[in-house]
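Chains as they are written, first to last, in our numbering: chain A, 3 to 362; chain B, 3 to 362.
Note that beta-carbon positions come from the ideal geometry of N, C-alpha and C, so glycine has one too.
Only a predicted model underlies this, so the values are computations on that prediction, with no experimental measurement involved.
Down below is the structure, laid out as C-alpha cells.
Number of protein chains: 2
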Amino acid sequence: MEQKIRIKDIARLAGVSAGTVDRVLHNRGNVSPAARRAVEAVFEQVDYRPNIHLSGISLRRRYKIVAAIPEFSQGEYWECIRRGIGRAVEVYESLRIDCRFVFYDQFDLYSCREAFGRIAALSPDGVIIGPTFRDETVGLAARLDELGIPYVYVDSVIDGTSPLTAFAADPHTCGYLTGKLIDSITPPDAEFVLFQAVRVGRASANTTILRKQGLMDYLTEHGLANNLHRVPFSVMHPERNDELIGDFFERHPCVKGAVVLSSRSSVIAAYMDKHRIEGVKLVGVDLTENNCREIRRGYIDFVLGQRPEQQGYLAVKAMIHHLLYGDSAKACNVMPLDIVTRENLDLYSEFSEVAYSDAK
Amino acid sequence: MEQKIRIKDIARLAGVSAGTVDRVLHNRGNVSPAARRAVEAVFEQVDYRPNIHLSGISLRRRYKIVAAIPEFSQGEYWECIRRGIGRAVEVYESLRIDCRFVFYDQFDLYSCREAFGRIAALSPDGVIIGPTFRDETVGLAARLDELGIPYVYVDSVIDGTSPLTAFAADPHTCGYLTGKLIDSITPPDAEFVLFQAVRVGRASANTTILRKQGLMDYLTEHGLANNLHRVPFSVMHPERNDELIGDFFERHPCVKGAVVLSSRSSVIAAYMDKHRIEGVKLVGVDLTENNCREIRRGYIDFVLGQRPEQQGYLAVKAMIHHLLYGDSAKACNVMPLDIVTRENLDLYSEFSEVAYSDAK
DNA sequence: CGGCAGACTGTGCACGTGCACAAAAGTAGT
DNA sequence: ACTACTTTTGTGCACGTGCACAGTCTGCCG
C-alpha cells in the first residue's frame with residue numbers, strides 16, 4: 003500500500019511551497035503562471051486526494067445551510083426528510099455547519115411566498131429546497147442563482163432551474179410501478195379505481211400529475227386503460243367520503259384494485275375498514291405512520307417508499323461536500339422506489355437506524 | 003449553538019491534565035481512584051463526543067482487517083459484498099486501515115478449512131467473515147475469541163458464536179416474503195413449484211433451509227402447503243435440467259408459480275425461455291447480473307435483494323468504529339429485503355453509486 | 001539609483017486527539 | 001534520611017490542511 007500523498011509532497015515535487023499548492027488547489031489567485039504549471043503538472047501525475055476529515059478541522063468559517071421545506075405533523079412524509087437533514091447535520095457537526103429550517107404551509111401559496119422571501123435575508127451558504135409551488139420555487143431559484151448561492155432539491159425537481167443537485171424519486175416510474183403492482187395482484191382484466199385526493203386551495207401538484215401519467219402509461223401499454231375509474235376523496239374531511247366512495251363500490255363490484263398516488267392511502271384504508279369492503283387490493287405511496295399502520299392491519303397491500311429520510315441526509319451531504327471540497331454533483335439523483343408490504347415493512351423501519359450513522 | 007466540548011475542557015473542569023482524561027477515556031490504567039472519580043463525574047455532566055476525524059489522524063498504528071469470503075465470478079452475489087468492503091476501505095483510507103482478502107471455495111469444505119486456517123497467521127486486528135460451512139466457522143470464531151480478535155459476519159450468521167455484530171437478511175422472512183409474493187401474483191389456490199438447486203459436494207446451506215421454512219410457514223398459514231411441489235435442478239450442468247424440469251411442467255399444468263430460494267433463479271428463467279413455458283410466474287432471490295438480465299427480459303417477475311454491497315460496507319464500518327473508537331454494535335443488523343421487479347430494477351443499480359460515497 | 005507598489009511565495013500557527021516521554025509524587029527498604 | 005522503584009501526572013509533539021501574515025522579488029517611476 004503506497005503512502006498517501008500530501009500537499010507537502012506535491013509542493014516538494016513541484017519545487018514550490020505548500021502555500022502555493024494550496025493557492026492553486028483553491029483558486030485563490032496570486033500564483034505565477036510558471037508555478038501554476040509546475041503544480042498542475044504534478045497533479046497530472048499523482049493521485050492527490052485531500053484528507054476531507056482534516057480539511058474540515060482547519061476550516062475557519064462556519065457554513066450556514068437553510069432548509070426550506072413544508073411544515074408537517076408527526077408521522078407525516080416531510081418529517082422523514084426533516085429527520086434525514088437533522089441526522090446529516092449531527093454527523094457533520096464537527097465540521098462547522100449550522101442548519102436553520104424555514105417552514106411553509108404546503109397548501110398555502112402565500113405562506114410559501116413569504117417563507118421563501120425570508121431566505122435571502124438569512125444569507126445562507128447553501129439552501130435545501132423541498133418544493134411545492136412551481137412559480138415560487140422558480141423565483142427563489144432565480145434569486146439564489148443571482149446571489150451565487152447553491153441549492154439542492156429534495157422530494158421533487160423544478161424544471162427550468164439549475165440546482166447543484168437533487169434527490170427525488172421519478173414520479174412517472176412511481177405511477178408506472180403502481181400500475182404494475184395493482185395489475186400483478188388482481189385477476190387478469192380486473193377493474194381499478196384511482197382515488198384522487200382533493201384539497202382546498204391547491205391545484206394538483208406536478209408530482210401527482212406525473213405519477214398519474216405513469217399509471218396511465220402502464221395501463222395503456224397493457225390494454226387496461228379503460229378499466230380505470232377515477233374517484234375523488236377528501237383528506238380534510240374523511241366523513242364526506244362516505245357518500246363519495248360509498249355508492250361507487252356498490253355500482254362497481256368488479257373493481258378489484260384501488261390506487262392512491264398521494265401519501266394519503268390510509269384514508270381509503272380507513273374507509274374500507276369502516277365499511278367492511280373486502281376483496282379490493284390497495285396500493286399506495288409513502289411510508290407515513292398512518293400508511294404503515296394500515297399495512298400492518300392488512301388494509302394496504304403495497305406501498306412505494308421513496309426514502310425521504312435518505313433524501314434529506316444526502317442533500318445535506320452533497321451540499322457540504324460542495325461547500326467544503328468544491329465537489330460538483332450529478333444533476334439529479336433518482337431515488338429507488340422500495341416496494342413495501344406487510345412482510346418487509348419492519349425491516350425498513352428498523353434498518354434506517356443503522357444506515358446513516360457515520361459518526362457515533 | 004453551544005461550543006463543542008474538548009478533552010482539554012474536561013481536564014480543566016476535573017482539575018487534572020488532558021493526559022489523565024485521555025487515560026480514563028481509553029482505559030489505559032495508571033490513574034488514581036480520586037482522579038478517575040473526578041473525571042468520571044465531569045463525564046456524567048457534560049456531553050462529550052470525541053471528534054472522530056481527529057482521533058483518526060493522531061492515531062499511530064495501522065489496523066489490519068482480513069475479509070474471509072467465498073471466491074466469486076464476475077456478476078455473482080459475493081462480488082457485491084466484496085465491492086462494498088472495498089468501498090468502505092476507500093472511504094476510510096485516511097484513517098490507517100489495511101484490508102486483505104482471503105477467499106475460499108464455497109463448495110469445497112477443505113478449501114474453507116485451509117483458508118480459515120491461514121487467517122490467524124496474518125495477525126489481523128479484525129475479521130470480516132462471510133460464512134458458509136458451519137463447523138469451520140465455529141472453529142474460526144473460537145480461535146478469534148481466544149486471541150481477542152473481533153469479527154463481523156456478512157450474509158449470514160452462525161449461531162453459537164459471539165461476533166461483534168452481523169449484517170444479514172433474515173432468511174425466514176425472506177422465504178416467507180417469497181411465499182407472499184408468489185401467492186399475490188398468481189390466481190387464488192394456484193399450485194406452486196419450488197426449484198431447489200443441487201450441487202455436488204455440499205449439503206444445503208443453513209440459509210436455504212431457513213428460507214424454505216419461511217416459505218412453508220407462509221403457505222401453511224394460508225392453507226396452501228399442499229399446493230407446493232419440489233423439483234431439484236442442477237446449477238453446474240443446466241443441460242441436465244431438460245429432463246428434470248421438462249416433464250414436470252407437462253405433468254403439472256396447474257402450476258402457475260415457481261420459486262427459487264438460492265440466487266440461481268436465472269437458470270430456471272433460461273429454461274423457461276428455451277422451452278417457451280408461459281404463464282408461470284417466477285420469484286427469486288438476489289440481484290446477480292444473471293438475475294437482473296432475466297428480470298429485464300421478463301422471465302423473472304420478482305427478486306428479493308438483500309443489499310450485499312451495503313452489508314460489506316457496513317461490516318467494515320462497524321469494525322473500524324469498534325477498533326478506533328471502541329464502539330460496541332448491536333448484535334445483529336437485519337438488512338431490508340428489497341422487492342425488485344422490472345420497473346424499479348434500474349433505480350437500485352444506479353443508486354448504489356450515490357449512497358456510499360462519503361468521500362470523493 | 002532609490003523608493004515603492006504590487007505580484008508572488010514561504011512560513012507558521014491553529015484545529016483536537018493519541019501517545020511517548022519526562023517529571024513528580026508516593027512507597028518501601030535500608 | 002537516602003536510595004531505588006513504582007505509580008501517577010503533566011507536557012509536548014505529530015498528524016495534514018486552511019489561512020493569515022510576513023517576506024521576497026519584479027518592474028516602474030521619479
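Under the DSSP definition of a beta bridge, which residues are partnered with A/Gly307?
Note: A/Gly307 sits in a beta bridge opposite A/Asp340.
Test: A/Asn32 CB closer than 8 Å to a CB of chain B:
no
At a CB-CB cut-off below 7 Å, which residues of chain A make contact with B/Asp340?
Asp340
Skipping 5 residues on each side, what residues in its chain have a beta carbon closer than 8 Å to that of A/Arg298?
The residues are Arg344, Leu347.
Using a cut-off of 8 Å between C-beta atoms, extract the partners of B/Met337 located in chain A.
Within 8 Å Cβ-Cβ: Leu349, Phe353.
Give me the subset of the segment 145-163 of chain B whose CB atoms are less than 8 Å from a CB atom of chain A, sorted by chain position.
none
Suppose contacts are defined by Cβ-Cβ distances below 8 Å. Is A/Asp288 in contact with A/Gly300 by that definition?
no
Backbone CA spacing between A/Lys6 and A/Arg64 [nearest angstrom]:
When rounded, the distance between both Cα atoms is 28 Å.
Give me the Cα-Cα distance between B/Val26 and B/Arg38, rounded to the nearest whole angstrom.
Distance between the alpha carbons of B/Val26 and B/Arg38: 7 Å.
Meets three-Cβ-pair contact criterion under 8 Å: the segment 308-328 of chain B and the segment 146-166 of chain B
Yes, the segment 308-328 of chain B is in contact with the segment 146-166 of chain B.
Taking only three categories from DSSP, how would you classify A/Glu345?
helix
Determine the direct distance from the alpha carbon of A/Glu296 to that of A/Ala272, and round the result to whole angstroms.
8 Å
Taking 8 Å as the threshold (beta carbon to beta carbon), is B/Pro189 in contact with chain A?
yes
Which residues, in order along the segment 324-336 of chain B, keep a beta-carbon less than 7 Å from a beta-carbon of chain A?
Tyr327, Asp329, Asn335, Val336
Say whether chain B places a C-beta atom closer than 8 Å to the C-beta of A/Lys182.
It does; some Cβ of chain B falls within 8 Å.
Specify the secondary structure class of B/His239 as computed by DSSP and reduced to three states.
coil
Which of the three DSSP states is assigned to A/Thr167 in this structure?
strand
So that I know if they touch, is there some Cβ in chain A lying closer than 8 Å to that of B/Gly128?
no
According to DSSP, simplified to helix, strand and coil, what is B/His323?
In the three-state DSSP reduction, B/His323 falls in the helix class (H, G or I).
Considering Cα atoms alone, identify which of A/Arg8, A/Leu263, A/Glu42, A/Ala36 is closest to A/Pro173.
A/Leu263
Collapsed DSSP secondary structure at A/Pro72 in the structure displayed:
Strand, per DSSP.
Where A/Cys82 falls, given that 16 or more other Cβ within 10 Å makes a residue buried
buried
Whose C-alpha, out of B/Thr290, B/Leu196, B/Gly88, B/Asp329, is nearest the C-alpha of B/Val342?
From the listed residues B/Thr290, B/Leu196, B/Gly88, B/Asp329, the smallest Cα separation to B/Val342 is found for B/Thr290.
Let's see if you can read the secondary structure: which residues bound the alpha helix (DSSP H) around B/Phe45?
35-47
For B/Ala123, the nearest candidate out of B/Val68, B/Gln215, B/Ser158 (CA to CA):
B/Val68
Beta-carbon proximity of A/Asn335 to A/Thr167, cut-off 8 Å
yes
Can a CB atom of chain B be found closer than 8 Å to the CB of A/Leu2?
Nothing can be reported for residue 2 of chain A, as the shown portion of chain A is limited to 3 through 362.
Contact residues within the segment 292-308 of chain A, judged by C-beta distance below 8 Å to chain B:
Asp303
Comparing the C-beta of A/Tyr178 with each C-beta of chain B, is any distance below 8 Å?
By this cut-off, A/Tyr178 is an interface position.
What does the alpha-carbon distance come out to for the pair A/Glu241 and B/Val156?
Spanning the two alpha carbons is a distance of roughly 50 Å.
In the DSSP assignment, what are the bridge partners of A/Tyr153?
A/Val129
Using a Cβ cut-off of 8 Å (strictly closer), state whether B/His239 contacts chain A.
no
Helix, strand or coil: how does DSSP classify B/Arg14 here?
Residue state for B/Arg14 is assigned as helix, using DSSP reduced to three classes.
Mind listing the chain B neighbours of A/His231? Cutoff is C-beta to C-beta under 9 Å, in chain order.
For A/His231, no chain B residue has a C-beta closer than 9 Å to its own C-beta; the minimum C-beta separation is roughly 22 Å.
Excluding the five sequence neighbours on either side, which residues of its own chain have a C-beta within less than 7 Å of the C-beta of B/Pro234, listed in chain order?
Result list for B/Pro234: Gln198, Val200, Leu246, in chain order.
By a C-beta neighbour count over all protein chains shown, 10 Å radius and 16 as the cutoff for buried, is A/Pro189 buried or exposed?
exposed
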